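Here is the structure we will look at, set down as structure tokens.
There are 2 protein chains.
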Amino acid sequence: MSLLTVGSVAFDAIETPFGKTDKIIGGAGTFIAIASSYFQKNQRLVSVVGEDFPQDTLDDLRVRGVDLQGLQIKSGEKTFFWSGKYHNDMNSRDTLVTELNVLEHFDPIIPSSYQGTEFLMLGNLSPTVQRLVIERLEERPKLIAMDTMNFWMDIAWDELMKTLRLVDVLIINDEEARQLSKEFSLVKAAKKIKSMGPKILVIKKGEHGALLFHGEDVFFAPALPLEDVFDPTGAGDTFAGGFMGYLSTVEEVNFENLKRAIIVGSAMASFCVEKFGTERLMTLTDREIENRVQKFVNLVQFDMIAAINA
Amino acid sequence: MSLLTVGSVAFDAIETPFGKTDKIIGGAGTFIAIASSYFQKNQRLVSVVGEDFPQDTLDDLRVRGVDLQGLQIKSGEKTFFWSGKYHNDMNSRDTLVTELNVLEHFDPIIPSSYQGTEFLMLGNLSPTVQRLVIERLEERPKLIAMDTMNFWMDIAWDELMKTLRLVDVLIINDEEARQLSKEFSLVKAAKKIKSMGPKILVIKKGEHGALLFHGEDVFFAPALPLEDVFDPTGAGDTFAGGFMGYLSTVEEVNFENLKRAIIVGSAMASFCVEKFGTERLMTLTDREIENRVQKFVNLVQFDMIAAINA
């Protein structure tokens, strides 16, 4: 099996109550590819950077099994740059700078060697670019997942609806689910969103965990209660990376494996927030990941006997 | 085993986006006693009402096994009355009216037949009244749990600290835990609060579930994702009632049984919000409760195999 990720590879500059970074490596595609690399060793990336992007980081990705034939390096141009500042509660942030640069006219070229990829993860990008990728794959992947955000609902609703009809899994946060469905109740939101195309919906609730809707089934995964969230940047993409990385290794995409994939994604996201940017994700061991997953098992497992002792 | 509940028995008038009630039956003591009555048949209640309180409701409580010798009925006085209006998100509300009436000078008299009660649940009341109850019990109960609220932290901090030192379990919501501990992280908050006295802490997060802290162990129980929350009034007290009702029937208060008690409390709270006030809680069957508990099992259970397929 193989996984193709399409998403931004970027520079971020982040300010949190705990500190401030200069330009560091960020981007949805980066977080997804790194997180999934712990599970899926056969990976491809479609993205674009400028000539200012460090060769070291590309080497790091290659070492992790990420094929970079689909990563365009635009000479004379600059890499996408985002800068943001988190508020004290770490749940909200202000965007300070967004420089689209190479992302402004991104044409997602699919190398011929990428044809036949079984799993496709579309990171948050314009729904038009996301759909272009699907259309350029000669054979439909076994599973297509996508992320999106409020911005595209505001400015590209019709395009978003067209793309949504083509995907199997939508991974968004609670605020986005509410805007997309115009429903406050996430149960009602899930019903509406599933009628837009995706048969599987994952709603991320940050520190409150994540919900999986699949047919009539619902699964709830907690977030790990943490003493500190150091930097939430990329946690959602890391979740998606762990989710798709794990899912692309299993025999069958069914409810039981989707539940496991959500737990794996949650575990990966819990590492991401421990340090700035991708730092913590670069040094994980298999044992650390298994131990973290076990913490999730311990956090929610209970053995129910009859509630009422007659 | 037996359970003594101390808490308000009151009138509420509630407005939600779904409708509006006249004066209906409310009060922490009422919700706790009704919810726990499905599990614990040997119950006592210490509270106070005015002569305006309906005899029918008292009969309903007696039928449920609640001994009312400790319920004072003050002739010529009026029952505590609260009126509130929920906002559209159902997570915040405005208090429209608070008439303390009989609660203003409440002296919690303990009937001699209540001495020796093994489990004590102190609903949200002034910490001075809560402590008075503990002091008036000749033999310390096997387990003392209490609820409190921001109001007492604002006006009776020292009294609250004295009472907290005497209890085993504190059941509060996330906002209250943050105010009590002056910590935003609930993990840090839990550590601080446990140093104030309670060795067991339950933090209710409303639609986001509940956390149990016990020694070094943490357990997370989800809330049931619901299409509609009709009226959240009393959900927290119903949770506490289910929790203590169940716990007072088990052999030993250990982590495994505390986890089950949290799930039972969550299940009972999920019924409470389906109708106004105590309405839904009055008609439950054992089978409905067991089925609802099973929904919680299904919502979170997964069978993790190795995350990483080597």
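Going down the list, the sequences are from chains A and B.
If you're matching positions, the first sequence starts at 643 in the working numbering and goes up one per residue.
If you're matching positions, the second sequence starts at 643 in the working numbering and goes up one per residue.
C-beta: ideal position from N, C-alpha, C; glycine also.
Predicted model, so just to flag it, every value in this text is computed and none were measured.
Residue-level contact to chain B via CB, residue i, 8 Å cutoff
| i | result |
| --- | --- |
| MET788 (chain A) | no |
| PHE872 (chain A) | no |
| TYR728 (chain A) | no |
| ILE667 (chain A) | no |
| PRO696 (chain A) | no |
| PRO783 (chain A) | no |
Chain A residues whose Cβ lies nearer than 9 Å to that of residue i
| i | result |
| --- | --- |
| ASP945 (chain B) | GLU898, LYS901 and ARG902 |
| LYS830 (chain B) | GLU869 and ASP870 |
| ILE931 (chain B) | ALA949 and ILE950 |
Which residues DSSP lists as bridging residue i, in chain order
| i | result |
| --- | --- |
| VAL691 (chain B) | B:ILE715 |
| PHE918 (chain A) | Paired residue(s): none; PHE918 (chain A) is not in a bridge. |
| MET763 (chain A) | A:THR647 and A:ALA787 |
| PHE653 (chain B) | B:ILE667 and B:PHE723 |
| VAL708 (chain A) | A:GLN685 |
| TYR728 (chain A) | A:ARG735 |
| LYS662 (chain B) | B:GLU657 |
| ASN815 (chain A) | A:LYS846 |
| ASP859 (chain A) | A:HIS856 |
| THR805 (chain B) | Its beta-bridge partners do not exist; DSSP assigns none. |
| GLU741 (chain A) | A:PHE723 |
Contacts of residue i in chain B (Cβ-Cβ under 8 Å)
| i | result |
| --- | --- |
| ASP731 (chain A) | PHE826 |
| PRO750 (chain A) | Result: empty, since nearest Cβ-Cβ is about 29 Å, beyond 8 Å. |
| GLU818 (chain A) | In chain order: nothing, as chain B lies at least about 16 Å away. |
| PHE913 (chain A) | Within 8 Å Cβ-Cβ: nothing; PHE913 (chain A) doesn't reach chain B, min ~12 Å. |
Where residue i meets chain A, residues with beta-carbon distance less than 7 Å
| i | result |
| --- | --- |
| ASN951 (chain B) | THR891 |
| VAL705 (chain B) | Per Cβ cutoff of 7 Å: no residues; VAL705 (chain B) is ~17 Å from chain A at best. |
Contacts of residue i in chain A (Cβ-Cβ under 8 Å)
| i | result |
| --- | --- |
| PRO853 (chain B) | Note that residue 853 (chain B) is Leu in the sequence shown here, rather than Pro. Near LEU853 (chain B) (Cβ distances below 8 Å), the residues of chain A are PRO867. |
| VAL935 (chain B) | MET946 and ALA949 |
Chain B residues whose Cβ lies nearer than 9 Å to that of residue i
| i | result |
| --- | --- |
| ILE905 (chain A) | PHE944, MET946 and ALA949 |
Separation of residue j from residue i, as counted between CA atoms
| i | j | result |
| --- | --- | --- |
| LEU646 (chain B) | PHE761 (chain B) | 6 Å |
| ARG778 (chain A) | ASP870 (chain B) | 42 Å |
| VAL811 (chain A) | LEU806 (chain B) | 48 Å |
| PHE861 (chain B) | ARG820 (chain A) | 28 Å |
| TRP794 (chain B) | VAL708 (chain A) | 57 Å |
| LYS716 (chain B) | VAL688 (chain B) | 13 Å |
| GLU780 (chain A) | GLU746 (chain A) | 26 Å |
| LYS720 (chain B) | VAL935 (chain A) | 55 Å |
| ALA831 (chain A) | ASP694 (chain B) | 44 Å |
| LYS804 (chain B) | LEU764 (chain B) | 14 Å |
| VAL844 (chain A) | GLY661 (chain A) | 31 Å |
| ASP859 (chain A) | PHE897 (chain A) | 8 Å |
| LEU703 (chain B) | LEU713 (chain B) | 11 Å |
| ILE667 (chain A) | THR920 (chain B) | 54 Å |
| ASN792 (chain B) | SER734 (chain A) | 24 Å |
| GLU916 (chain A) | LYS847 (chain B) | 23 Å |
| ASP701 (chain B) | LEU710 (chain B) | 10 Å |
| ALA863 (chain B) | SER754 (chain A) | 48 Å |
| MET643 (chain A) | LYS836 (chain B) | 49 Å |
| GLY878 (chain A) | MET924 (chain B) | 43 Å |
| LEU853 (chain A) | LEU774 (chain B) | 44 Å |
| PRO696 (chain A) | ALA909 (chain A) | 28 Å |
| ILE931 (chain B) | GLN682 (chain B) | 14 Å |
| ARG922 (chain B) | GLY718 (chain B) | 31 Å |
| VAL631 (chain B) | VAL690 (chain B) | A question about residue 631 (chain B) goes unanswered here, because the residues of chain B that appear run from 643 up to 952. |
Any chain A beta carbon closer than 8 Å to residue i
| i | result |
| --- | --- |
| PHE861 (chain B) | yes |
| VAL939 (chain B) | yes |
| PRO840 (chain B) | no |
| HIS850 (chain B) | yes |
| PRO769 (chain B) | no |
| ILE813 (chain B) | no |
| TYR888 (chain B) | yes |
| PRO753 (chain B) | no |
Interface partners of residue i on chain B, CB under 7 Å
| i | result |
| --- | --- |
| TYR680 (chain A) | ILE950 |
| message | For the pair the stretch 780-797 of chain B and the stretch 722-736 of chain B, tell me if three or more CB-CB distances fall below 8 Å. | response | no
| task | Would you be able to state if there are at least three C-beta pairs under 8 Å between the stretch 895-911 of chain A and the stretch 793-805 of chain A? | result | no
| On the three-pair Cβ rule with 8 Å, is the stretch 888-897 of chain B touching the stretch 668-685 of chain B? | yes
| Any 3 or more C-beta pairs closer than 8 Å across the stretch 645-661 of chain B and the stretch 878-887 of chain A | no
| field | Cβ contact (3+ pairs, closer than 8 Å) linking the stretch 652-660 of chain A and the stretch 845-857 of chain A | value | no
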